[in-house]
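Just so you know, the numbering used here puts the end of the sequence shown at 1908, numbered straight through with nothing missing.
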Amino acid sequence: MKFPNMFRVLAAPVAACCVMVGLVSAPAPAAAQQWNDARTRALVARATALRAQQLADTALVDYTATAHGYVTFLAQLGNQAGQLTEPPKVVRTDQLALQVYWHAPNLSKQMIIGRRDTLLAPTDIRYHRDHLGIVQNNFPSIIRIGEGDEVRDVPHPLSATGLADYDFAITDSLQILLPDRAVDVYAVQVRPRDPAAPRVVGAIYLDRSTAQVVRMAFSFTRDAYIDHTLDDVDIVLENALVAGRFWLPRHQEIEIRRSGTWLDFPARGIIRGRWEICCYHVNTGLPSTMFAGPAIIQLPPSVLSRYAWRGSVLDSLPRGVRAATGADVQRVQAQVRSLVRARVLQKTTGPRLTARRISDFARVNRVEGLALGGGAALPLGSGRSLALAGRWGFADHQAKGRVSLDVPRAGGDVFHLYAERQYRDARDVEESSLVRNSLAAQEYGDDNTEPYDVRAVGVGAELGQHLGMWWRAEASYETQRALSVHARPAMGQYAPVFPARPVREGRLSLDVDRPTTPFIFGSELRLTGELRGGIFQRRDSAFTGSRPRFARAVISADIERAVGAQRLVLRSVLGAVAGSPAAPPQEYIFLGGPTTGPGYGAHEFAARLAASQRVEWRVRVPFVPIPLGRFGRAPASATLAPFVNTIYVARSAPFRAARGGWYPSVGLGALFFFDLLRVDVARGVRDGRWSVSFDIAREFWGIL
């Protein structure tokens, strides 16, 4: 299939689904066998012969069947740590109905008689023709995917060529639970004899009594992929016994994943196909002339539109639609990794330009004015890399930068050794995207950042996923100091920079990220948190005492729940700081602004204990549809989002106006253009003001 530009495609939410096939151990599992032992080779040779015979079986002259399925395109965008933690989001889903025809010896025709789609984000994606149909006869002797643009000319394991190209091993005796029966099968693992060649890797499940193919679950080696942007192609094919004699397609899944990095963010596009095939009629007398022309054809749009669908496309998607990977495909991937070395499956990368976000190339704030920068990653072999990044401010005439050695470890952990001089932002919650902040800072003197100067050396570790959460730890030694305003906006003037205290400290932090997952009462929860502490050197003039130190904790939670066609959204932030004899200003909790305190000034509240809570109700309303040419059409609806918000502060900072208690606000938001653009109007109820905010959807702030 032809993928659009990765950044354009990854502009929005999604999902698609894979359905589990029950595999349960039989009462007496077979002992694991050696590769290519006589018993295994005899079974595989028999299966290969039977597969060839079925093509030539005069008892099966032809058949017709119907197939219903979904082809879904999903997008997944990672975080700055390089992790794809959030589940993919549906960009487009096509629901299809097929009439399937087959005629001996191996003629196939598939007619798309019904098709409808739902577009949830602008995309110019185009599918290959074979993505819109099912796989007949478990593939021919040579396997092709994406009309040969994705996988080409890979020998089938159960072919005359495949018997010489692959190793086989019976690993277990199982039962596969089909809707009408349980089938006893041998699980035969398949691996290439030459891992560097374009080959299949996976498993074939053969009926113990007949050696017929009941199920195939496999992927491919790296050299099998013609399109080098591919991560992997995973396929599950399941057959059913028809007319008591013929094993024909029943259930099929295919997942095609492409990924890359956009700046320092991993980005992934996923095509998922899921098909159910039924209602076979055998030997109906199909004329061979009807198989002329393309193997997959589509009826005219006027005919497709008359197909009798039930409900909407998204309503009919099976459960598990937001899973990162379906259970069956996960099993395929795990099996493939166990059969061949990881390097046979991995893509190779060379030197590349990097940045944590667009604003690392260009940004504007009150300290640096216009700042330009960039970075590069240099691979060192064995997965290690050297990362360099720098930026120059044209108002403060100062250079900032970072050098990092990244070392992966077995199990997926990644360690970083680094040295840096950066302007760190003291806020825990971004009030707006940095792109919007740069524009507002340049034109109106509205800078929502809280920078202070940091020079540090340290070590960080990406610890992977445990207990359903992603973990990151860091230890560093730092010197910190305050900054001052150097730039001038086009209109208005900048607020002064907060008075960070000069310190030298040893610092430890632990970050956790719980991706969006199901929660109570049908809701979804996203949770992030940070624990941080430091010990100051006694000779620092800023602090006195035997062991000056601080500790802080911040937790953020997003909860969403669909209520019919509407949606309830809750966003919570809670932070607390303790210090002995005092915490420096740069460790206080900063709240206020469009996100945590609409209707109040940016970071108007700074305290040692602070919280923000928003309750929002989203309702779809009619709106003008916007044609986007090859990228589709924006929906004829928008989203209204009335909300209430409140801030609570205690023990406010001495460098801000004294604040205490509750500070509520009310407002109305409007989301347009696939909900990618948002406008908020709000009023602070207690000593607040009217505010208007316009920005990109929060999901994309991380890359802006």
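Think of the CB as a built atom: it goes at the ideal place given N, C-alpha and C, for glycine as much as any other residue.
Item to check | Endpoints, the alpha helix (DSSP H) within which Ala-1368 is located | outcome: It spans 1366-1369 - the alpha helix (DSSP H) in which Ala-1368 sits, taken as one unbroken run.
Checklist entry - In chain order, what residues of the same chain lie with their CB nearer than 6 Å to the CB of Phe-1876, ignoring the 5 residues before and after it? => result Ala-1842
Checklist entry - With Val-1486 and Val-1437 assumed to form a contact (beta carbons below 8 Å), what rounded beta-carbon distance in angstroms separates them? => result With a Cβ gap of about 31 Å, Val-1486 and Val-1437 do not count as contacting.
Checklist entry - Using the rule of at least 16 other Cβ atoms within 10 Å of the residue's Cβ for burial, across every protein chain shown, is Trp-1905 buried or exposed? => result buried
Checklist entry - Using DSSP with H/G/I as helix, E/B as strand and the rest coil, what is Asp-1436? => result strand
Checklist entry - With distances taken from CA atoms, which of Val-1825, Ile-1374, Asp-1657, Val-1707 is nearest Val-1248? => result Ile-1374
Item to check | Buried or exposed by the 16-neighbour rule on C-beta atoms within 10 Å, applied to Phe-1740 | outcome: It counts as buried.
Next on the checklist: I'd like the ranges of any alpha helix (DSSP H) spanning at least 4 consecutive residues and lying wholly in the stretch 1317-1403.
Outcome noted: Complete alpha helix (DSSP H) runs here, min 4: 1366-1369.
Next on the checklist: What does the alpha-carbon distance come out to for the pair Gly-1649 and Val-1689?
Outcome noted: Using only the alpha carbons, I get a separation of about 11 Å.
Item to check | Cβ shell of Glu-1635 (< 6 Å), same chain only, five flanking positions each side left out | outcome: These residues qualify, in order along the chain: Asn-1652, Gly-1797, Pro-1798, Thr-1799, Ala-1806.
Checklist entry - Between which two residues does the beta strand (DSSP E) carrying Ser-1642 extend? => result Where Ser-1642 is concerned, there is no enclosing beta strand (DSSP E), although the alpha helix (DSSP H) it sits in stretches over 1638-1648.
Item to check | Spatially closest choice to Asp-1564 from Val-1658, Val-1848, Leu-1584, Trp-1596, by CA coordinates | outcome: Trp-1596
Checklist entry - Does the stretch 1274-1282 touch the stretch 1417-1428, meaning 3 or more C-beta pairs lie closer than 8 Å? => result no
Checklist entry - Shortest alpha-carbon distance to Met-1695 belongs to which of Leu-1336, Leu-1378, Ala-1644? => result Of the candidates Leu-1336, Leu-1378, Ala-1644, the one whose C-alpha sits nearest the C-alpha of Met-1695 is Ala-1644.
Item to check | Identity of the residues DSSP links to Ala-1811 by a beta bridge | outcome: Ile-1793, Ser-1856
Checklist entry - Can you name, in chain order, every residue of its own chain whose Cβ lies under 6 Å from the Cβ of Ala-1603, other than the five neighbours on each side? => result Trp-1596
Checklist entry - Going straight from the alpha carbon of Glu-1666 to that of Thr-1558, what length do you get? => result 19 Å
Next on the checklist: Given this structure, state the Cα-to-Cα distance separating Ala-1256 from Thr-1297, to the nearest angstrom.
Outcome noted: 36 Å
Checklist entry - What is the residue span of the alpha helix (DSSP H) that Gly-1508 lies within? => result Looking at the sequence itself, residue 1508 is Leu, so the reference to Gly does not match. Counting along the chain, the alpha helix (DSSP H) containing Leu-1508 begins and ends at 1505-1508.
Item to check | Closer than 9 Å to chain D by CB, Ala-1630 | outcome: Absent from the structure: chain D. Only one protein chain is present.
Item to check | Beta-carbon proximity check, Arg-1377 vs His-1360, cutoff 9 Å | outcome: Correcting the residue type first, residue 1377 is Ser in the shown sequence and not Arg. Not a contact, by the Cβ cut-off of 9 Å.
Checklist entry - If Gln-1770 sits next to Arg-1472, beta carbons under 8 Å apart, how far is it from one beta carbon to the other, in whole angstroms? => result In fact, because the Cβ distance is near 30 Å, the residues do not count as touching under 8 Å.
Checklist entry - Does the Cβ-Cβ distance between Phe-1898 and Leu-1872 come in under 9 Å? => result no
Checklist entry - Per DSSP, Gly-1738 forms a beta bridge with which residues? => result For Gly-1738, which the question treats as bridged, DSSP gives the partners Arg-1711, Phe-1754.
Checklist entry - CA-CA distance, Glu-1442 and Leu-1410? => result Those two C-alpha atoms are separated by around 11 Å.
Checklist entry - Which of helix, strand or coil does DSSP assign to Ser-1586? => result The three-state secondary structure of Ser-1586, taken from DSSP, is coil.
Checklist entry - Rounded to the nearest angstrom, how far is the Cβ of Phe-1702 from that of Glu-1734, given a contact under 8 Å? => result Actually they are not in contact, since the Cβ atoms of Phe-1702 and Glu-1734 sit about 20 Å apart, beyond 8 Å.
Next on the checklist: Just verifying my parser: in three-state terms, what is the DSSP assignment at Glu-1903?
Outcome noted: helix
Checklist entry - Distance, Cα to Cα, Ile-1851 vs Gln-1817? => result Taking the straight line joining both Cα atoms gives about 7 Å.
Next on the checklist: Quick check for students: name the residue ranges of the beta strand (DSSP E) that lie wholly in the stretch 1826-1856, counting only runs of 3 or more.
Outcome noted: 1841-1856
Checklist entry - Starting from Gln-1280 and walking both ways along the beta strand (DSSP E), at which residues does that stretch end? => result 1266-1281
Checklist entry - Based on the DSSP secondary-structure assignment, which residues constitute the bridge partners of Glu-1820? => result Looking at the DSSP assignment, Glu-1820 forms a beta bridge with Val-1773, Phe-1847.
Checklist entry - According to the neighbour-count rule (16 or more other Cβ atoms, all chains shown, within 10 Å of its Cβ), is Ser-1506 buried or exposed? => result exposed
Item to check | Residues that DSSP places opposite Phe-1876 in a beta bridge | outcome: Leu-1881
Checklist entry - Taking just the CA atoms, how far does Ser-1463 sit from Thr-1433? => result If I take the Cα positions, the gap works out to 6 Å.
Item to check | 8 Å contact criterion, which Leu-1731 and Ala-1761 should meet: CB distance rounded | outcome: 5 Å
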